[in-house]
Each structure stands twice: as structure tokens, then as C-alpha cells.
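What follows is a short report on a single structure.
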Amino acid sequence: MTIDLKTIKHISKLSRISVEDSKAKKLAGDLNSIFDFIEKLNELDTENIEPLTSVAEITLKLRSDEVKSENIREQILKNSPDENEDFFVVPRVVE
Amino acid sequence: MTNITSLTLSELVKNIKDKKLSSEETTKAYIERGEKSQDLNTYITEDFSNALKKSKIFDQKPNFDLKLPGVPIAVKDLFCTNGVKTTAGSKMLNNFIPTYESTVTQNIWNEGAILLGKLNCDEFAMGSSNETSFFGNVQSPIDKDLVPGGSSGGSASALAANLTPITIGTDTGGSIRQPASFTGTVGLKPTYGSCSRYGIVAFASSLDQAGPMSKNVKDCALLQEVISTYDEKDSTSINFKRNEYSKELTNNIKGMKIGIPKEYRVDGMPKEIEDLWSKGIEYIKDCGAEIIEITLPHTNYALPTYYIVAPAEASSNLARYDGVKYGFRSKGENLIDMYERTRSEGFGSEVQRRIMIGTYVLSSGYYDAYYLKAQKVRKLIKNDFDDAYKKVDAILTPSTPSAAFKIGEKTNDPISMYLNDIFTVPVNLAGLPAISIPAGLDAKGYPLGLQIIGKAFDEQKILNIAYAMEEKIQFKNNITDWWIK
Chain A
1 MTIDLKTIKH ISKLSRISVE DSKAKKLAGD LNSIFDFIEK LNELDTENIE PLTSVAEITL
61 KLRSDEVKSE NIREQILKNS PDENEDFFVV PRVVE
Chain B
96 MTNITSLTLS ELVKNIKDKK LSSEETTKAY IERGEKSQDL NTYITEDFSN ALKKSKIFDQ
156 KPNFDLKLPG VPIAVKDLFC TNGVKTTAGS KMLNNFIPTY ESTVTQNIWN EGAILLGKLN
216 CDEFAMGSSN ETSFFGNVQS PIDKDLVPGG SSGGSASALA ANLTPITIGT DTGGSIRQPA
276 SFTGTVGLKP TYGSCSRYGI VAFASSLDQA GPMSKNVKDC ALLQEVISTY DEKDSTSINF
336 KRNEYSKELT NNIKGMKIGI PKEYRVDGMP KEIEDLWSKG IEYIKDCGAE IIEITLPHTN
396 YALPTYYIVA PAEASSNLAR YDGVKYGFRS KGENLIDMYE RTRSEGFGSE VQRRIMIGTY
456 VLSSGYYDAY YLKAQKVRKL IKNDFDDAYK KVDAILTPST PSAAFKIGEK TNDPISMYLN
516 DIFTVPVNLA GLPAISIPAG LDAKGYPLGL QIIGKAFDEQ KILNIAYAME EKIQFKNNIT
576 DWWIK
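Listed in order, the protein sequences are those of chains A and B.
So that you can map any letter, position 28 of the first sequence is 28 in my numbering, and since no number is skipped, the others follow by simple counting.
Position in the second sequence counted from 1, then plus 95, gives you my numbering.
This is the structure in C-alpha cells:
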């Protein structure tokens, strides 16, 4: 399998990470060597094997939906790169 | 008391309880040494003046019933600390101040410990040499220009250099055990579900575990006892009977069966590692335990499996860094442009690479071929261990395929960097506990470690084996204070 520059552009879009053209080639090279390494898994027949999603052999617990945190809006907003009094601010999305 | 910082945790606690040392005196000693050790670049954030204040408060009304009475401790900067900047080694979180505390650190403070500061690590814990941190690489105290290992490299370096008496790290594929091995310290990766993941910056959620790092096995047992609690805030925290590991610690391992997996004899492994392993086997026999050859046939498939599962989970976990609610933001022409620039400028190259691998293996048309395949192979790897544990109590392997390497030596070749974790990754995939203990020095005087892998929830047993071996090994780290200014 080969990851070409077109695929890099596609992954870049899906992962919302812009990749400059100057860096795309090196990235493609790195990803190709990693995927060559990963291809080793194809040596194995896994037809009848159950996939392992978690090693924690427990059923996820449910809990009642109760507010436990105090009102710390100010502290939370302080971490925001851009905010006004009550909201997170993002670039305009509707004209 | 002249040399406070070279004491082990147990010695320190005893001195504080016997009132031979105050918390303030102890805290001051670690702060002074930390200030003289800037060249190691272990700290991202120092919280020294607060630490001093807290130590004075402790001394005014000391509670000696606590397990870590007034003991100052620095922790990996992957644990959220309420009101203290938490960066995960990334530009993305360079200005992030958590409004909550991770359960593991809260457990430590509840036992009387005091935060010294936050220790450097690979960015989002992705790396094996602590060279991917936005805050610069960490220098090992073992030798100039040597890596401390990673991702808990700041933790390992600070511990080995006596800047903290114990510390905590996180281990997704070897990030506690490999740096412990590189710096001649002890590191335990607990069973998945043993220590809460609440408040730890997430990397790969089905693999991440926090764990203790210490100068000896007894300290490791004590810290594990403190940090391992059931926590309803972590949906995969497991409610099992936890031992008082330090109280139940014994060097009597007579009659135990220890497995030696032949697949861990990898091509190109230095003779020094091979010899170390043989010596380890002799020590086990000297302790009256029995050696049994075992097979873990899918060992060679663990790293390729890991490099699908871990990036896939990381790509999902790191989707939250969008520049909106917290962290770094870059200006963009519109919302999408803002996201893309933020993530391109905020993440370093290794993190971007892993997000992109993860995105690709989860993308439409490739999910079955990569992600599902990897989950199936993960099952085979776990089955190998399940079969082995029908015959043995624990497994002995080297911790790493080589000693520590020079800064810059492996940064250009991701695969050669990933191969560092060849002996540690299978443990995470199977969710097992494993401990790395220092077992010898190579020709250059660099530490080498041995790893003991246990059944799930068998922390006590591997701590006991490590304790028995430690007594036989009598490891002495070869550290001169060359970096002190």
C-alpha cells in the first residue's frame, strides 16, 4: 500500500490539521514506512477471532444524571482563548 | 541531616514521623536541589512557593498517621492539578489551568503529600525519549546528552537525580517502565482499571494507566497502595479488593513458577541484555522459585497492533483540541480554517503523525482492514498471556531491547524509536500489571532493567518477586552530580 499526496490531503482534511505542501512529502514517507510495518498483521488469519475492545471485563455502569459541580463558569471561561461575559467566542459561522 | 534528598521515601517518612525532619526542611531541600538542576529540564511548572507554604501549614499541625506525611512530590504534567497549569508537554495546553484534580493526585494529597511541581514529558505522552515535548527535551542524570526515556522522562530524570523522593507517571505502551529502566529506577504499570484515569490527559483510553515510580520496590508498593482506588468517575475503574501492598510485601517467593518467553529473544538484541536476562533467571532460582520456558507466539505482532489501536484512540481523544473552549488558538479566516490552523500550529509533528495514522485507520473503507484487524490480533495477544498463566505465576523479560541512547539518535526514524517499546507494549494490550526494576549496568555504566509481568490484579505477587530480586541484585546507580550548578 502507498499513501500518496492526495491521500495525505484527504487525511489532513478529516483530521482538521492543515499540512503545508512542503511538509506533505516527508509525512507521506513516514506514514508509508509505518504502514509497511503495520502490514505484518496480514500474515495472521483472524477470520474467527472476536475483536477485543476492552480488557476491563466489566459492564459499563449507569448513574443518575445529577449536577455535582459547583457553579464555576468564570474559572472555565478563563481558559478560553476568546470569550465574552457568558460565552465562548468563535469566528462568525452565519452571514 | 545533610543529605535529605538522597533518602528513599520510606526513610524520609520515618524521619518525619520521628520528628527528626520537618516537612519544611524536607521541602526546602528538594526545592534547592531543583533550582540547581535546571540543566536537566525536568520541570515544566515549578510550584515551589506554594509547596513551601503547604509544608509550613503541615508542620503547624502534623498528622503522622498519614502515609505520605508532609512529603513533597513532583508529578508528570499529564495529571490535571486544580489551579496549577497542566500542559501535557504541548503548546496546545500551554495556558491551561484545570478547574479539577485528577483522582490519582488527589489520593496522594489526601495522604499528606505536597505538590512540588509538574514534570516534563513527551507531548501528550507520545514518545520514548522525551524529545517530543514542546518545552524541550529532558536530559538524563545518568550521562550528558543521554535521553531519560519516555514518555515519563521528566519523572524518571527527576527521581534518579533526587529532585523528588517518588513520582507518578503514566504508561500507555511502556512510558513508565522504559524510562525507569533507562534511569535505574523502579516503575510499575498497574493492571488496567486499577488506578483511575479521571483527570489524566487522555492518549489511548483502552491502554492508559497511571503508576508509581520510585527508588526501590518498597516505596513503589507504598505509592501503589495510595494511588490505586476504585473511582466512579472513571467508567473503566474496576472494583476489586486492593491489598495494602507495602504491608504485605515479602521476599518469600519459594515455589513460585516464573515463565521465560522465548519470543523475547529478538534479533539484534545486545549481548548485555541477553546476559542480564540470564542473570535475572539465576536470581529467581536463588530465591527458590522455579523457571519454566513458555511461549507467547504473537509477541511480534504486538507493536504493529499497538500502532493501530493507540493512534486510533488518540485521534478520537485529541479531536477535542479545537481552539474553542480552552488551550491554544490560531486565527483563521473562518471556523474550519481556525480549527485546521490551531491543530497544525498547536500540535507537534509526532502528535500530528499519530492523529493522522489514527484518522486513516478509522476512515471509511479502511476500518475493517486496520482497526478491526488490530482488535482481533489484540485478542490473540491476550490469549497468549491467558494460556501462559495456566502454567506460571509471573513472567520475566528484559524491560527494553537496549540501554538509553543519545539525544537526537533516533528522532529521524519513527520505527526505530517505536522498537524501544517492543517488550513493554504487549502488557498494555493485554491490560496486565508489570514492573521494571534496575538489574545492572552496561559497559558504559548505563542502567538496564528487568520486567516482571503478572496476571491481572496480581500487583502484590510481582512486587514480591521484584522485592526478592532487588535484594539479590543490590543495584547501585552510577550518578555523579555533574549537572549541579
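All C-beta atoms in this analysis are idealised placements derived from N, C-alpha and C, irrespective of residue type, glycine included.
Just curious, the beta strand (DSSP E) that residue i is in, first and last residue?
{"i": "alanine 28 of chain A", "result": "Unbroken run through alanine 28 of chain A is the alpha helix (DSSP H), 21 to 38; no beta strand (DSSP E)."}
{"i": "glutamate 130 of chain B", "result": "First-last for glutamate 130 of chain B: 118 to 131, but that is the alpha helix (DSSP H), not the beta strand (DSSP E)."}
{"i": "isoleucine 99 of chain B", "result": "First-last for isoleucine 99 of chain B: undefined, no H or E at that position."}
{"i": "glutamate 218 of chain B", "result": "From DSSP, glutamate 218 of chain B is part of no beta strand (DSSP E); its letter is neither H nor E."}
{"i": "isoleucine 386 of chain B", "result": "385 to 389"}
Check the DSSP bridge columns for residue i and list the partner residues they point to.
{"i": "lysine 213 of chain B", "result": "B:Thr140, B:Val170"}
{"i": "valine 179 of chain B", "result": "B:Thr176"}
{"i": "proline 542 of chain B", "result": "B:Leu536"}
{"i": "phenylalanine 88 of chain A", "result": "A:Glu83"}
{"i": "alanine 529 of chain B", "result": "B:Lys284, B:Ile548"}
Note down the Cα distance separating residue i from residue j, rounded to an integer number of angstroms.
{"i": "glutamine 201 of chain B", "j": "asparagine 257 of chain B", "result": "23 Å"}
{"i": "arginine 63 of chain A", "j": "threonine 331 of chain B", "result": "14 Å"}
{"i": "isoleucine 11 of chain A", "j": "threonine 454 of chain B", "result": "7 Å"}
{"i": "isoleucine 348 of chain B", "j": "glutamate 385 of chain B", "result": "10 Å"}
{"i": "glycine 620 of chain B", "j": "glycine 540 of chain B", "result": "Coverage of chain B is limited to positions 96 through 580, which leaves residue 620 of chain B absent and any answer about it impossible."}
{"i": "isoleucine 517 of chain B", "j": "aspartate 463 of chain B", "result": "25 Å"}
{"i": "aspartate 217 of chain B", "j": "valine 93 of chain A", "result": "35 Å"}
{"i": "glutamine 447 of chain B", "j": "arginine 438 of chain B", "result": "8 Å"}
{"i": "cysteine 175 of chain B", "j": "asparagine 507 of chain B", "result": "31 Å"}
{"i": "phenylalanine 500 of chain B", "j": "alanine 251 of chain B", "result": "15 Å"}
{"i": "proline 392 of chain B", "j": "glutamate 50 of chain A", "result": "18 Å"}
{"i": "leucine 214 of chain B", "j": "serine 235 of chain B", "result": "13 Å"}
{"i": "glutamate 57 of chain A", "j": "glutamate 66 of chain A", "result": "27 Å"}
{"i": "arginine 436 of chain B", "j": "arginine 415 of chain B", "result": "14 Å"}
{"i": "isoleucine 126 of chain B", "j": "glutamate 39 of chain A", "result": "49 Å"}
{"i": "alanine 146 of chain B", "j": "serine 373 of chain B", "result": "45 Å"}
{"i": "asparagine 71 of chain A", "j": "lysine 357 of chain B", "result": "57 Å"}
{"i": "aspartate 96 of chain A", "j": "leucine 77 of chain A", "result": "Residue 96 of chain A falls outside the range modelled here, since chain A spans only 1 to 95, and no answer is possible."}
{"i": "serine 270 of chain B", "j": "phenylalanine 277 of chain B", "result": "11 Å"}
{"i": "threonine 122 of chain B", "j": "glutamate 504 of chain B", "result": "36 Å"}
{"i": "isoleucine 353 of chain B", "j": "lysine 336 of chain B", "result": "24 Å"}
{"i": "lysine 149 of chain B", "j": "lysine 156 of chain B", "result": "11 Å"}
{"i": "isoleucine 431 of chain B", "j": "isoleucine 168 of chain B", "result": "42 Å"}
{"i": "alanine 124 of chain B", "j": "aspartate 329 of chain B", "result": "36 Å"}
{"i": "asparagine 48 of chain A", "j": "leucine 41 of chain A", "result": "15 Å"}
Identify, in the order they occur along the chain, each residue of the same chain with its Cβ nearer than 7 Å to the Cβ of residue i, setting aside the five sequence neighbours on each side.
{"i": "lysine 556 of chain B", "result": "Asp488, Ala489, Gly549"}
{"i": "glycine 526 of chain B", "result": "Thr286, Tyr287, Ala551"}
{"i": "aspartate 537 of chain B", "result": "Glu367, Ala498, Leu543"}
{"i": "threonine 267 of chain B", "result": "Ala220, Phe298, Ala299, Leu302, Asp303, Ala405, Asn523"}
{"i": "aspartate 326 of chain B", "result": "Thr198, Ser291, Tyr293, Ser332"}
{"i": "isoleucine 8 of chain A", "result": "Val19, Ala24, Leu27, Ala28"}
{"i": "isoleucine 3 of chain A", "result": "Ala28, Leu31, Asn32, Phe35"}
{"i": "serine 228 of chain B", "result": "Gly184, Asn215, Cys216, Asp217, Glu218"}
{"i": "alanine 469 of chain B", "result": "Thr400, Ile403, Val404"}
{"i": "asparagine 573 of chain B", "result": "Leu536, Gly540"}
For residue i, I'd like the list of residues in its chain whose CB is within less than 6 Å of its CB, leaving aside the five on either flank, ordered along the chain.
{"i": "isoleucine 450 of chain B", "result": "Ser410, Leu413"}
{"i": "valine 472 of chain B", "result": "Tyr396, Thr400"}
{"i": "glutamate 440 of chain B", "result": "Ser425"}
{"i": "arginine 153 of chain B", "result": "The residue you asked about is not arginine; residue 153 of chain B is phenylalanine in the sequence shown. Here the set comprises Ser118, Gly165."}
{"i": "glutamate 141 of chain B", "result": "Gly212"}
{"i": "tyrosine 484 of chain B", "result": "Lys550"}
{"i": "leucine 475 of chain B", "result": "His393"}
{"i": "glycine 306 of chain B", "result": "Asp266, Ile271, Leu283, Lys284, Pro285"}
In the DSSP assignment, find the alpha helix (DSSP H) that holds residue i and state where it starts and stops.
{"i": "threonine 400 of chain B", "result": "397 to 412"}
{"i": "methionine 564 of chain B", "result": "554 to 568"}
{"i": "proline 521 of chain B", "result": "520 to 525"}
{"i": "methionine 451 of chain B", "result": "444 to 457"}
{"i": "methionine 308 of chain B", "result": "It is not in any alpha helix (DSSP H) - methionine 308 of chain B instead sits in the beta strand (DSSP E) that spans 304 to 309."}
{"i": "glutamate 106 of chain B", "result": "104 to 112"}
{"i": "arginine 438 of chain B", "result": "430 to 441"}
{"i": "glutamate 504 of chain B", "result": "Element bounds for glutamate 504 of chain B: n/a, residue is neither H nor E."}
Those runs of the alpha helix (DSSP H) which lie wholly inside the region 225 to 296 of chain B and span at least 4 residues: Those alpha helix (DSSP H) runs which fall completely within the region 225 to 296 of chain B and span 4+ residues are 248 to 255, 272 to 278.
Could you tell me which whole beta strand (DSSP E) segments of length 3 or greater appear in the region 470 to 498 of chain B? 489 to 493
Start-end ranges of the beta strand (DSSP E) lying completely within the region 325 to 378 of chain B, minimum 3 residues: 352 to 356
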